[in-house]
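Residue numbers (our numbering): 754 to 976.
From the three backbone atoms N, C-alpha and C, an ideal C-beta is built for every residue, glycine too.
Just below is one structure, and these are the notes that go with it.
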Amino acid sequence: MTASNTTDSTAFDITDWLGEWESFEHYIDSDDAAIQQTWEAAEQAVLANPKMAPMAARGIRTFWSMACSTTSPENIIHIGYWRVNEPAAESGSTDDAALAIEWFAEDNTSLDTYEYTIDHVIEHGLEGSPTFVFHTTDPAAEDSPFRWLLAINPLPSRKAFAEGGLLSHLHFQYANDLHTLVATDEVTGTETLRNPRWYATMCANEGTVEDRCAIIRALHHLQ
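Rendered as structure tokens:
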């Protein structure tokens, strides 16, 4: 699910992550008339393309709802929002933290807030792209489903929207244990995703309904 790919996928720039994010599930489930019309146009375009038509066999929104679900076997609560901040230098909870994420349910209930370090980068992860492996060592996260986080860089960069581009979005996966998400070849050490079809997605929570429609159109190559 890449609407635009203009970001250096290996460099971490916290300015692209900071701020408010909302789940792409909001786009899928929206009852806004303009968004629904855009989904209808997207479905017709997909059905007209023999190579893509199977995606819409049960409805294009059903397809994306399955692929972009924010729930997991460890967490049955849909994740509605993220708030990403710079790590608190004085907290000391996670040395050399790259960022802090507050996880919210759909009703805006705060689920957890953790500071994450970048443990390493998987060369070919989500969408076959370099994928950050974030980890929190916060003792409170010992049993949390958010202890490990895989995510690609926001696409496009956050500043692109201010310059007339699309809203940023990113894909992620999460689990309490990295082994749940990633398999490692014992001989080569190559890491692969256990579920490469899971594309939980966050979109920058800004802009208008039309900006959200633009994401849906770009995703399905509509003019």
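Environment of residue 926 [buried if 16+ CB atoms lie within 10 Å]: buried
What distance in whole Å lies between the Cβ atoms of residue 774 and residue 906, which are believed to be in contact at a cut-off of 8 Å? Not quite, the Cβ-Cβ distance comes to about 13 Å (not below 8 Å), so this is no contact.
Sequence-distant residues of the same chain with beta carbon closer than 6 Å to residue 974, five excluded per side: none
Residue 869 and residue 857: beta carbons closer than 8 Å? no
In this structure, does DSSP put residue 872 in helix, strand or coil? strand
Sub-8 Å separation of residue 883 and residue 768 beta-carbons: no
Under the DSSP definition of a beta bridge, which residues are partnered with residue 836? 773 and 855
According to the neighbour-count rule (16 or more other Cβ atoms, all chains shown, within 10 Å of its Cβ), is residue 891 buried or exposed? buried
Around the C-beta of residue 833, are 16 or more other C-beta atoms found within 10 angstroms, so that it is buried, or is it exposed? buried
Can you check whether the CB of residue 875 is closer than 8 Å to the CB of residue 867? no
Check whether the Cβ atoms of residue 908 and residue 968 lie closer than 8 Å to each other. no
So, is residue 813 buried or exposed, given that buried needs 16 or more other C-beta atoms within 10 angstroms? buried
Compare the C-alpha of residue 922 against each of 901, 972, 939 and 963 and name the closest. 972
Can you give me the C-alpha to C-alpha distance between residue 799 and residue 841, rounded to a whole angstrom? 45 Å
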